[in-house]
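The block underneath contains the structure these notes are about, expressed in structure tokens.
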Amino acid sequence: MPAQPPTGVGLEGLRAAAAGCRACELWEPATQTVFGEGPETARVVFVGEQPGDQEDRRGEPFVGPAGRLLDRALGDAGIERGDAYITNAVKHFRFTPTPKRRLHQTPGPEHLRACRPWLEAEFAVLQPEVVVCLGATAAKALISPSFRITRERGQLLPWTPPGADTLFSAADDDEDAPHQTWMLATTHPSAILRTPDEARPAAYDALVADLRVVAQALA
Ligand code: URA
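UniProt numbering puts the sequence shown at residues 1 to 219.
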């Protein structure tokens, strides 16, 4: 059964509720729920796939190797990480235990479905101007199952957040009136870490180029 986030509680209330989420089985072997992080005033939201090993232990998104690469790319693109909200499509680490380490396992459609109400609740509070999908899992979940990062990355697409008609209809003055939300998908930082040495600089530059598009949209 999909998660059932409380309404009207703000990000901290959502984070507290998500800590006890049992909407799918991933909570049990995981250390903790890794909820999104960033200011409630953030104009841009980055959505990854799921927390990794270090994120699971620390309880924060994108703080492991992929997070360090993302931080560098954000800096090179002129985006302050502290101004952004960073979250994941699935908020528990899915892994296979092995004697040496916990091996990342891609979340299945059932995990994305169970966790999605948390993402929608985050969007409802944040009302972002730009949403950035980091990698195919987020892009397929939020844009379309047929979305191909290699073909369509780096493009700003008009996007309607799920449930936006009800979420944003409470606005009663111009300042709070619904605004256009833009979506952009780019490579997942982990994919860049996995790219062979000789191709990695170009892959990194392409990520920074996509993030510059985001920086321009926010300027
Ligand atoms: N990869 C993700 O998709 N999210 C994280 O938080 C860390 C690694």
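Ideal Cβ placement from N, Cα and C applies to all residues, glycine included.
Chain-ordered list of residues that sit, by beta carbon, closer than 5 angstroms to a heavy atom of the ligand URA: 48, 49, 51, 52, 55, 61, 62, 66, 88
Range of the contiguous alpha helix (DSSP H) that encloses residue 111: 109-126
Beta-carbon contacts of residue 153 that lie in its chain and below 7 angstroms, excluding the five residues immediately before and after: 185, 186, 187, 210
Close beta carbons around residue 53, own chain, < 8 angstroms, minus the five adjacent residues each side: 64, 93, 95, 101, 102, 104
Length-filtered (3 minimum) beta strand (DSSP E) runs lying within the region 22-82: 44-48
Environment of residue 50 [buried if 16+ CB atoms lie within 10 Å]: buried
Cβ contact check for the region 27-45 and the region 114-129: 3 or more pairs under 8 angstroms: yes
Assigned exposure category for residue 161 - 16 Cβ within 10 Å defines buried: buried
Supposed close pair residue 56, residue 31 - CB separation, criterion 8 angstroms: 5 angstroms
Run of the alpha helix (DSSP H) containing residue 213, from where it starts to where it stops: 200-218
Boundaries of the alpha helix (DSSP H) in which residue 15 is found, first to last residue: 10-18
Three-way DSSP call (helix, strand, coil) for residue 158 in this model: strand
C-alpha gap between residue 202 and residue 190, whole angstroms: 15 angstroms
Element boundaries [beta strand (DSSP E), containing residue 186]: 181-186
Which of helix, strand or coil DSSP assigns to residue 102: strand
Through-space distance from residue 151 to residue 25, alpha-carbon basis: 34 angstroms
Bridge partners - residue 130, DSSP secondary structure assignment: 44, 182
Residue burial classification, residue 1 (beta-carbon count within 10 angstroms, cutoff 16): exposed
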